[in-house]
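Residue numbers (the working numbering): 1161 to 1461.
See below for the structure under consideration.
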C-alpha cells in the first residue's frame, strides 16, 4: 500500500473539495475519512472507528494541556513576541518611515511596489514568520500609498515566505525537514533534500504565480474586486471598515541606520543561534558551517 499511487488520493480529494466548497474544515474532514478508508482497506466500520479514535485523541484535555505547555510552542511564541517588539521599535524610532521615504523615490507605480515586496522577501528566507512580519511591516505604507489592497499584499507575502523556506536549504523549515528525514533512517538527509527540491512543485508554482500576477498586472475574481474598490475609493479592505493600526511613528528625524541596524542584529542573532545549536566550530563546536546549519535546531534559534 505504501508504494501504491492510491496514497495520493486523500490529498487530491482534499484539494478538490477545498476548491469546490471553499471550506477548510469540510475539506480536511473529507481527506481524513478517505485516508482512514485506505488504511483499513475500505472496511466501513473499522474506518469509522479509526476516524473517531484519532479525532478524540486529538481533543483530549490532557493533550490540549500538553500542546499549550509544549516548550516548542513557547519558544515559537517568544520568537514572535521578540520580532513584534523589534518591528514596533523600528516604527516608533522612525526607521520604518526613513526606509519608506528612501525607497518611495524609486517607485512610480503599484506594479513596481509589488515587485519590491517580492524581491525583499528573498532576503528574509530564514523563517516564514520573520519574512511575513518584517516584509509586511516594511511594505505596508508603500503599498498603501499606491492603493494596493491589503488582500493583495497578504497574497504576495504568503506566496513568498513559506515557499522560499522550503526551497532554500538554510532555513528553519529545512532544519525540521532534515530532522524528519533522519528520523525515518535516511543517513544523507541533506543530499536527499537537495535532490527533492526540483520536485517541490507547490513552492515553485506559487512563486512563479506571484511574479506572473505582479509583472502581468493580472487580477480576477475577488482580488480584482478589491483592487477596483481600492483604486476608486481608496478603501484597501474591500469596502469594509479599515482595521485599526496600533503602531505609532516617531516625529523626530531618523535615518536608514534606525531601520537596518535592528533588523541586521536580529538576523545575525538568528543565524548565529542556528549555527550554535548545530555545534559550529567557530562557536566552540565540532562541525563546519554547512554541517552546523544542517543540524541546527530551528525552534531554539
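Just so you know, even glycine gets a beta-carbon here, dropped at the ideal spot from N, CA and C.
Per the C-alpha coordinates, the member of 1211, 1250 and 1316 positioned closest to residue 1193 is 1211. Beta-bridge pairing by DSSP links residue 1447 to 1440. Under the three-state reduction of DSSP, residue 1352 is assigned to helix. When the beta-carbon positions are compared, residue 1303 and residue 1275 stay at least 9 Å from each other. Nearest neighbour of residue 1398 by Cα position, chosen from 1313, 1309 and 1420, turns out to be 1309.
Inclusion of residue 1286 and residue 1431 in the CB contact set at 9 Å is warranted, their separation being smaller than that value. Where residue 1342 is concerned, the enclosing alpha helix (DSSP H) starts and stops at 1332-1343. Straight-line spacing of the CA atoms in residue 1317 and residue 1369 works out to 13 Å.
Just measuring C-alpha positions, the residue of 1240, 1164, 1165 and 1189 sitting nearest residue 1174 is 1189. Between the segment 1249-1269 and the segment 1415-1430, the count of Cβ pairs shorter than 8 Å is three or higher; the stretches touch. With three or more CB-CB distances shorter than 8 Å, the segment 1356-1365 counts as touching the segment 1319-1328. Non-local C-beta neighbours of residue 1322 in its own chain, meaning closer than 6 Å and more than five positions away in sequence, comprise 1288, ordered along the chain. For residue 1278, the enclosing alpha helix (DSSP H) covers residues 1270-1281. Within the same chain, and ignoring the five residues on either side of residue 1440 in sequence, the residues whose Cβ sits closer than 7 Å to its Cβ are 1447, 1449 and 1452.
Bounds of the alpha helix (DSSP H) holding residue 1296 are 1288-1305. Separation of residue 1267 and residue 1390 (C-alpha to C-alpha, rounded to the nearest whole angstrom) is 18 Å. In this structure residue 1187 is not in contact with residue 1196, their Cβ atoms being roughly 15 Å apart against a cut-off of 8 Å. Of the candidates 1400, 1312, 1280 and 1367, the residue whose Cα lies closest to the Cα of residue 1270 is 1312. Rounded to whole angstroms, residue 1314 and residue 1168 show a C-alpha spacing of 30 Å.
Using a 10 angstroms sphere on the CB of residue 1184, the tally of other CB atoms stays under 16, which defines it as exposed.
Remark: C-beta atoms of residue 1426 and residue 1172 do not approach each other more closely than 9 Å.
Taking C-beta separations shorter than 7 Å and ignoring five residues to either side along the sequence, the partners of residue 1357 in its chain run 1327, following chain order.
Annotation: residue 1298 to residue 1279 spans about 12 Å, alpha carbon to alpha carbon. Residue 1247 and residue 1293 do touch by the CB rule: their CB atoms are close to 6 Å apart, below 8 Å.
In this chain, the alpha helix (DSSP H) harbouring residue 1323 covers 1310-1327. The Cβ neighbour count for residue 1344, taken over all protein chains shown within 10 Å, is under 16; the residue is labelled exposed. The residue among 1259, 1199 and 1442 with its C-alpha nearest the C-alpha of residue 1414 is 1259.
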